[in-house]
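Trainee:
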Amino acid sequence: MEYNEFEIISKFFKNRQRKDKNQIKGIGDDSALIKVPKKNFLAISTDTLVEGKHFLKNITPKELAYKAVAVNLSDLAAMGAKPKWITLSITMPKSDSIWLKSFSISFFNILNKYGLNLIGGDTNSGPLSITLSIYGLIERKNALLRENAKNGDLIYITGNLGESAAGLSLLQKKTFLKNVKICNYLIKKHLKPIPRISEGIVLRNIANAAIDISDGLISDLGHILKSSKCGADINLNQIPISKVLIDNFKINQYLNWALNSGEDYELCFTISKKNVKKLNLAIKKKIIKCTCIGYVTPIENGFNLIKNQKKIIFKKTGFNHFI
Numbered sequence: 001m002e003y004n005e006f007e008i009i010s011k012f013f014k015n016r017q018r019k020d021k022n023q024i025k026g027i028g029d030d031s032a033l034i035k036v037p038k039k040n041f042l043a044i045s046t047d048t049l050v051e052g053k054h055f056l057k058n059i060t061p062k063e064l065a066y067k068a069v070a071v072n073l074s075d076l077a078a079m080g081a082k083p084k085w086i087t088l089s090i091t092m093p094k095s096d097s098i099w100l101k102s103f104s105i106s107f108f109n110i111l112n113k114y115g116l117n118l119i120g121g122d123t124n125s126g127p128l129s130i131t132l133s134i135y136g137l138i139e140r141k142n143a144l145l146r147e148n149a150k151n152g153d154l155i156y157i158t159g160n161l162g163e164s165a166a167g168l169s170l171l172q173k174k175t176f177l178k179n180v181k182i183c184n185y186l187i188k189k190h191l192k193p194i195p196r197i198s199e200g201i202v203l204r205n206i207a208n209a210a211i212d213i214s215d216g217l218i219s220d221l222g223h224i225l226k227s228s229k230c231g232a233d234i235n236l237n238q239i240p241i242s243k244v245l246i247d248n249f250k251i252n253q254y255l256n257w258a259l260n261s262g263e264d265y266e267l268c269f270t271i272s273k274k275n276v277k278k279l280n281l282a283i284k285k286k287i288i289k290c291t292c293i294g295y296v297t298p299i300e301n302g303f304n305l306i307k308n309q310k311k312i313i314f315k316k317t318g319f320n321h322f323i
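For the sequence shown, UniProt numbering assigns the number 1 to the initial residue and increments by one for each residue that follows.
#1: May I ask you to verify whether the stretch 195-206 touches the stretch 66-84, counting CB pairs closer than 8 Å and requiring at least 3?
#2: Just the C-alpha distance for LEU132 and ASN184, rounded to the nearest angstrom, thanks.
#3: What are the start and end residues of each continuous beta strand (DSSP E) run of 3 or more residues lying completely inside the stretch 120-172, in chain order?
#4: Count Cβ pairs between the stretch 273-285 and the stretch 199-209 that sit closer than 8 Å; are there 3 or more?
#5: So what's ASP29 in DSSP terms, helix, strand or just coil?
#6: Please name the residue in LEU168, ASN160, LEU154, ASN142 whose C-alpha comes closest to that of ILE246.
#7: Excluding sequence positions up to five away, which residues of its chain have a Cβ less than 6 Å from the Cβ of ASN301?
#8: Nearest by alpha-carbon distance to GLN309: which of GLY222, PHE303, LYS57, ILE234 is it?
#9: Smallest Cα separation from residue 327: which of ILE288, ASN248, LYS101?
#10: Nearest CA to the CA of SER104: which residue from VAL69, GLY115, PRO83?
#11: From ASN113 to LYS174, what distance separates their C-alpha atoms?
#12: Out of SER214, LEU191, ILE239, which has the shortest C-alpha to C-alpha gap to ILE306?
#13: Taking 8 Å as the limit between beta carbons, can you name the residues of its chain near SER89, skipping five residues before and five after?
#14: Please state if the CB of ASN208 and the CB of ALA149 are separated by a distance shorter than 7 Å.
#15: Any contact of the stretch 285-305 with the stretch 212-230, i.e. 3+ C-beta pairs under 8 Å?
#16: With a 10 Å radius around its C-beta and 16 neighbouring C-beta atoms as the bar for buried, classify PRO61 as buried or exposed.
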């Protein structure tokens with residue numbers, strides 16, 4: 001069964017959640033009305049996911065709904081913001097009720113898990129794409145910014161890098177593994193990234209600067225360095241790579257995935273040496289899992305990759321939306 005725009009909104013997306021105390025008006029008017037608490041910034045991020053560019057054509061609506069929300073949540077995590085509201089715009093070839101039902105169930109499952117309320121959006125006809133705008137709150141004094149890295153800061157990464165790229169390579173049949181369990185594990189890493197919201201909230205009291213790894217470590221860390229007018233030395237021996245990748249792929253392959261491929265949605269952050277004790281305490285309490293991979297240097301030092309105490313020549317690549 002097919003529905004028009006207003007029927008889609010009414011049947012699949014309206015009145016599915018309770019309003020929170022700061023939401024004055026949500027779906028059903030020309031604009032949502034939100035009250036921002038005193039001494040808070042409203043953190044806002046928008047992402048568009050396009051079929052064939054950001055997700056494969058055979059992705060299920062359940063998988064697409066999860067990933068669309070998760071990658072937007074990751075942007076809030078990088079700022080240390082608490083998720084609050086989201087808008088959704090869907091462009092689709094036709095209003096397929098079965099597709100929409102599966103999508104909306106998965107969509108609201110992840111929204112409810114992270115305390116997000118849907119407050120508006122749009123529907124349209126055309127090639128499949130999803131656009132989300134996500135809104136979070138953060139105390140003004142605690143916002144994490146890319147521009148605040150300082151010379152001498154240590155550079156850390158949460159979790160491991162490269163597994164999402166390995167999963168994508170398997171989905172695209174560019175890589176083959178006989179072990180079905182490992183294949184499924186890596187594919188899940190690509191389709192169901194975990195946004196580091198709780199880690200971001202912890203880091204806003206510890207870190208100087210942060211970014212999420214969406215386009216690759218070299219590219220994304222490069223944004224911090226450019227904004228902060230700094231350089232960096234990165235120890236390749238310290239890049240967090242899972243045993244799954246080490247045991248099943250060649251070193252050049254998994255290092256390239258870890259450095260350039262992105263979509264791991266881990267956090268890369270810098271902290272001053274005086275805050276290392278606070279971070280180590282959070283690690284000990286298992287509030288956060290992270291690895292030190294290098295340190296921030298003066299801008300004239302440049303951006304260097306070091307392996308076995310020798311500089312490695314590399315190309316600054318990363319995901320490009322226009323290639």
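Note that the Cβ used here is the ideal one computed from N, Cα and C, for glycine as well.
Keep in mind the model is a prediction, meaning the values are calculated, not measured.
Mentor: Let me lay it out:
#1: yes
#2: Here residue 132 corresponds to residue number 132 of the sequence shown, with the count starting at 1. Here residue 184 corresponds to residue number 184 of the sequence shown, with the count starting at 1. Approximately 27 Å between the Cα atoms of the pair.
#3: 129-139, 154-158
#4: yes
#5: Looking up residue 29 in the sequence shown gives position 29. Three-state result, ASP29: strand.
#6: Counting from 1 along the sequence shown, the entry for residue 246 is found at position 246. Checked all of LEU168, ASN160, LEU154, ASN142; the closest Cα to ILE246 is ASN160.
#7: In the sequence shown, residue 301 corresponds to position 301, counting from 1. GLY231.
#8: For the purposes of this step, residue 309 is identified with residue 309 of the sequence shown, where counting begins at 1. Of GLY222, PHE303, LYS57, ILE234, the residue nearest in Cα terms is ILE234.
#9: As displayed, the chain neither begins before 1 nor continues past 323, which places residue 327 out of reach and without an answer.
#10: Within the sequence shown, numbered from 1, the residue matching residue 104 stands at position 104. It is VAL69.
#11: Locating residue 113 in the sequence shown gives position 113, where the first residue counts as 1. Locating residue 174 in the sequence shown gives position 174, where the first residue counts as 1. Per the sequence shown, residue 113 should be read as Lys rather than Asn. Distance between the alpha carbons of LYS113 and LYS174: 34 Å.
#12: Translated into positions along the sequence shown, residue 306 becomes position 306. When each option's Cα is compared against that of ILE306, the closest is ILE239.
#13: For the purposes of this step, residue 89 is identified with residue 89 of the sequence shown, where counting begins at 1. Taken in chain order, the residues that qualify are GLY121, ASP122, THR123, ASN124, ILE130, THR131, LEU132.
#14: Here residue 149 refers to the residue found at position 149 when the sequence shown is read from its first residue. Here residue 208 refers to the residue found at position 208 when the sequence shown is read from its first residue. Result yes, Cβ atoms of ALA149 and ASN208 sit closer than 7 Å.
#15: yes
#16: On the sequence shown, position 61 is the one that residue 61 refers to. By the 10 Å Cβ count, PRO61 comes out buried.
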